[in-house]
Amino acid sequence: MKLLAIFAIAVAFSVGSARAEGVGFRDVLVEAGGERLRTALWYPTEAASERTTVGPFTMNATRDASPGAGPYGLVLISHGTGGGRLNHRETAIRLAEGGYIVAAPEHAGDSWRDGTYSGTAENWRRRPRQLSAVLDRLIGDAELGPRIDPARIGAIGHSAGGYSVLALVGGRADLTSLLHHCTRHRDEDPQFCAYGRPGGQDDTALPSAMPSLSDPRVGAVAAVAPVGALFGEGAFADVTVPAQIHRLAEDRVLREPWHAENIAALLGDRARLIVHPAAHHFAFITPFPDAMVDGVGAPARDPAGFDRRAFLAEIDGQILDFLDGTLPAP
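Going by our numbering, the letters in the sequence shown line up with residues 1 to 330, in that order.
Rendered as structure tokens:
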């Protein structure tokens, strides 16, 4: 009995040291292609979580707390077009509570601050490269780098971020296929096809295929309501890592079957498709404060009867289980 008690204490200590006591938060700047990305970090800490306010948002994470000893997995989160680094803060906190360092960059040129490249072909090139720059910065960080397990790196993306993380693991976009899609199906997929602009994704001079934007350090990817019409036959020929694809069945921004379902079909047995029957396109974004709803519009609003927090609790749990299963701790 004494030996069993000692063993139980040892197991409890090992789990506690991996998951730590609370969640820390800080912002860092990441250099990417001559630009500086504001990047939010959440991470396990031995300090109890405290309430932190950043602009209009309040969250249960202690600003500038010292990170726990680790080692921890690392997860990148890529927001959608017009979003920001705090879009998925509750998902990030859930992952940090589960023992991960989480990094969410604000994509330069495709965020609420700056839409210079939104709707252009160049945006599809820039986003995955920015995610790789964040990886470089964190793995090389004097404080956090030694706490990161390089064998346990994953990525999560929403909407354009879903495309971004799929490109990061080897998905090759074909912009000619995208042009053809919006020529044939503009009336059936109207919001997505209205996203392009002159010199953008409708440009007839676009190359047939994007260059490889893969980063071999990423070992698992979850894509929620991902942009999928950029991917055609053979797009995932070089992808070897497992993927979890989430289709939000009430999505009116990215219409099926050209996005999540297209991606899942092309990935075949490398992907698991999960369908959320009542969820709309913006449901994966952490709820906005009431005072922001009118100004933000559709991303802040839910259909009558839809419980966004309950949905997030469900999908965040599915993503955490997926990462734990595919990036198991030693």
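Using N, Cα and C, we set each Cβ at its ideal position, and we do this for glycine too.
For V239, the closest C-alpha among the options P146, E261, S212 and C182 is that of S212.
If you ignore the 5 residues before and after L327, its C-beta comes within less than 8 Å of the C-beta of G73, A151, R152, I153, G154, G219 and A220, all in its own chain and listed in chain order. Between the beta-carbon of D215 and that of S164 there is about 11 Å, and that puts the pair past the 8 Å contact cut. Residue environment: G80 is assigned as buried (16 or more neighbouring CB atoms within 10 Å of its CB, all protein chains considered). In the structure shown, the three-state DSSP call for H158 is strand. With a beta-carbon spacing of about 17 Å, H181 and A225 fall beyond the 8 Å limit used to define contacts. Within the model, the alpha-carbon separation for P105 versus D269 is close to 30 Å. In this chain, R270 is not harboured by any alpha helix (DSSP H), its DSSP state being neither H nor E. Note that the C-beta distance between A69 and V23 is not below 7 Å. With respect to the 7 Å criterion, A229 and R247 are not classified as neighbours on the basis of their beta carbons. If only complete runs of 4 or more residues are kept, the stretch 60–132 shows the alpha helix (DSSP H) at 89–97, in order along the chain. If you look at L230, you'll find it isn't in any beta strand (DSSP E); DSSP assigns it neither H nor E. Between I245 and I263, the C-beta spacing is below 7 Å.
DSSP, read as helix, strand or coil, puts Y195 in coil.
At least 7 Å separates the beta-carbon of I319 from that of N87. Residue pairing by DSSP places P44 opposite V23 in a beta bridge. Under the three-state reduction of DSSP output, V28 falls in the strand class. The continuous stretches of alpha helix (DSSP H) do not include R186, and DSSP gives it neither H nor E. Between A103 and L76, the C-beta spacing is below 7 Å. In the three-state reduction of the DSSP assignment, R217 falls in the coil class, being assigned neither a helical nor a strand state. Around the beta-carbon of R127, 16 or more other beta-carbon atoms lie within 10 Å, marking it buried. Pairing R308 with A283 gives a Cβ-Cβ distance under 7 Å.
In the DSSP assignment, R308 falls within the unbroken alpha helix (DSSP H) covering R308 to T326. When DSSP states are grouped into helix, strand and coil, R301 belongs to the coil group. Cβ neighbours of A108 within its own chain (closer than 6 Å, five residues either side excluded): E35 and L37. Going by C-alpha positions, A194 is about 29 Å away from P289. For T116, the CB contacts under 6 Å within the same chain, skipping 5 residues up- and downstream, are G109 in chain order.
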